[in-house]
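Report on one structure; see the data block that follows.
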Amino acid sequence: MNAQAPTGTQAPTGQGPSSQARNLHWLLTNLVDEVPGIRSVAVVSSDGLLLLASDPGLAAEDTGDRTTGPRGSSADLATLVSGLGSLTNGAAKLMDGGAVKQTMVAMDEGSLFVMSISDGSLLGVYATPDCDMSVIAYHMALFVGRAGHVLTPELRTELRQSMENAQ
532 MNAQAPTGTQ APTGQGPSSQ ARNLHWLLTN LVDEVPGIRS VAVVSSDGLL LLASDPGLAA
592 EDTGDRTTGP RGSSADLATL VSGLGSLTNG AAKLMDGGAV KQTMVAMDEG SLFVMSISDG
652 SLLGVYATPD CDMSVIAYHM ALFVGRAGHV LTPELRTELR QSMENAQ
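Okay, so the sequence shown: first residue is 532 according to this note's numbering, each after it adds one.
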């Protein structure tokens, strides 16, 4: 990965996305483009709202194209990520297991990975069944490490509004 994230300053309101939002979009695009086997990616806030997605323009309906993600929709992936995150956090509390770092579900036709981000947000990746799980987990950890510290309340609000406008 020799590409560099775009640089710039905070965009004034109404002037397009801020530099932090552009950088997160760049990180997500880079994750999808450079890691073999990734079908779809979603970043979900701690309250379950979709913040960032690899296919933000798709509606939450069955497109018939099963190559891009669950039902072809980031909204569906966000729902799954939020629910799985909530379930595993509840299980961890019940079992005094500490914080959940990552959850992985292997299925016949794909794999679902969920990783915690520092602010309670979640990164979800839907991948092909033959993906290299360790490579996916490694690149998710890189994304979380790079994105976690910039995911401020202001940026989460900006990302939510951006996702609402895209649909």
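Cβ atoms here follow ideal geometry from the backbone N, Cα and C, with glycine treated the same way.
For a cut-off of 8 Å, the C-beta gap from Leu-690 to Leu-582 is around 4 Å, short enough to register as a contact. Burial check for Asp-639: the Cβ neighbour count within 10 Å stays below 16, so the residue is exposed. Residue state for Val-645 is assigned as strand, using DSSP reduced to three classes.
In terms of CA proximity to His-670, Leu-654 leads the group Ala-630, Pro-684 and Leu-654.
For Val-575, there is no enclosing alpha helix (DSSP H); the enclosing beta strand (DSSP E) covers residues 569-575. Residue burial annotation: Gln-692 is exposed, with fewer than 16 other C-beta atoms found within 10 angstroms of its C-beta. Inter-residue distance for Thr-619 and Val-631 is about 7 Å (C-alpha atoms, whole angstroms).
DSSP places Thr-560 in the uninterrupted alpha helix (DSSP H) bounded by 550-565.
Each of Ser-585, Arg-687, Ser-604 and Leu-625 was checked against the Cα of Val-563, and the nearest Cα belongs to Ser-585. Note on Gly-621: under 16 other CB atoms within 10 angstroms of its CB, so exposed under the neighbour-count rule.
In the DSSP assignment, Met-635 falls within the unbroken beta strand (DSSP E) covering 633-638.
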